[in-house]
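In the UniProt record's numbering, the protein residues as written are 1 to 266.
A short write-up of the structure that comes next.
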Amino acid sequence: MPDERNRSFDDLVAEGASVPTEGWDFSWFEGRATEARPSWGYAVSTAERLGRADAALDVQTGGGEVLDFALAEAARRPPLTVATEGWPPNVARATALLRPRGVAVVASPEDAPLPFADGTFDLVVSRHPVEARWAEIARVLENGGTYFAQHVGPGSVYELVEYFLGPQPEERRNARHPDRERRDAEAAGLEIVDLRAERLRMEFYDIAAVVHFLRKVIWIVPGFTVEAYLPQLRALHERIEAEGAFVAHSTRHLFEARKPGTSRTP
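In structure tokens, the structure reads:
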């Protein structure tokens, strides 16, 4: 990791505040922060399923980076692949990245119905959706179709959340609990094929990484700005310099669900 001890708090905060936040490319964090990856290898597993699909949808694709990787690794590309995204800068980024692979990117707000006919897709995938809208997922899947996704779990990065916001109510901490999501998926008519959860270590080596992370992953500290949290940022900078990396833990769960019935796809 780079030696940032000789750089001032102001310089580091300014750097973290200036890095573009579009897309889900986290390469800027190399040497500044680390996060362990789930054992199931979501992108590679998605590639395997794309290689068997005929009509695939990636919900909330971000900048399209994960889908781009998965399509590059797939044994074959589905004849139809579509992605949705709600944030305009990401729509443009994903379109530029995915169009060469024949993927149509559709601008669609996260809380709107999916703009597709019933039973359009035999595979729906998503990495870290803001919310899994189970009724819509079930509606656009054909009978026998699969939903395969990696979700953010309960209490994810709560060491950082509670550093800035203080103790949080249990309702917020457990809002993404896999047991709750299982019940919601089943209520929408889906059958759970696989559900696994892991807790993963994260380390932030400088305050620039913290600032950029909170700007990029906006649900960690909603409404975060440097100005609003300047005293906490300065104190955390001094803590990192004195004690080393700030340690937090992300939570992730893998979902594989199936819509009952016989697929029309051979």
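From the three backbone atoms N, C-alpha and C, an ideal C-beta is built for every residue, glycine too.
Cβ-Cβ distances below 7 Å link Thr-21 to Arg-215 and Lys-216 in the same chain, with the five nearest sequence neighbours on each side left out; the list follows chain order.
The beta strand (DSSP E) runs of length 3 or more contained entirely in the region 112–166 are, from start to end of the chain, 121–127 and 141–152. By the CB criterion at 9 Å, Glu-85 and Gln-60 fall inside the cutoff.
Looking at the backbone, the Cα of Ala-132 and that of His-253 are separated by about 13 Å. Apart from sequence neighbours up to five positions away, the residues of its chain that approach Gln-232 with a beta-carbon distance below 6 Å are Phe-164, ordered along the chain.
If you check the CB distance, Val-13 and Ile-218 do not come in under 9 Å. Under DSSP, Thr-34 takes part in a beta bridge, and its partners are Glu-203. Residue range 65–73 is occupied by the alpha helix (DSSP H) that includes Asp-68. For Val-210, same chain residues with a beta-carbon under 6 Å away, outside a window of 5 residues either side, are Phe-204 in chain order.
Of the candidates Ala-55, Ala-197, Asn-90 and Val-152, the residue whose Cα lies closest to the Cα of Ala-175 is Val-152. Rounded to the nearest whole angstrom, the C-alpha separation of Ala-33 and Tyr-42 is 21 Å. Apart from the 5 residues on each side of it in sequence, Glu-65 sits with its Cβ closer than 8 Å to the Cβ of Gly-23, Trp-24, Asp-25 and Leu-97 in its chain, given in chain order.
Judged by beta-carbon spacing, Ala-55 lies beyond the 9 Å limit of Ala-70, meaning their Cβ atoms are not closer than that value.
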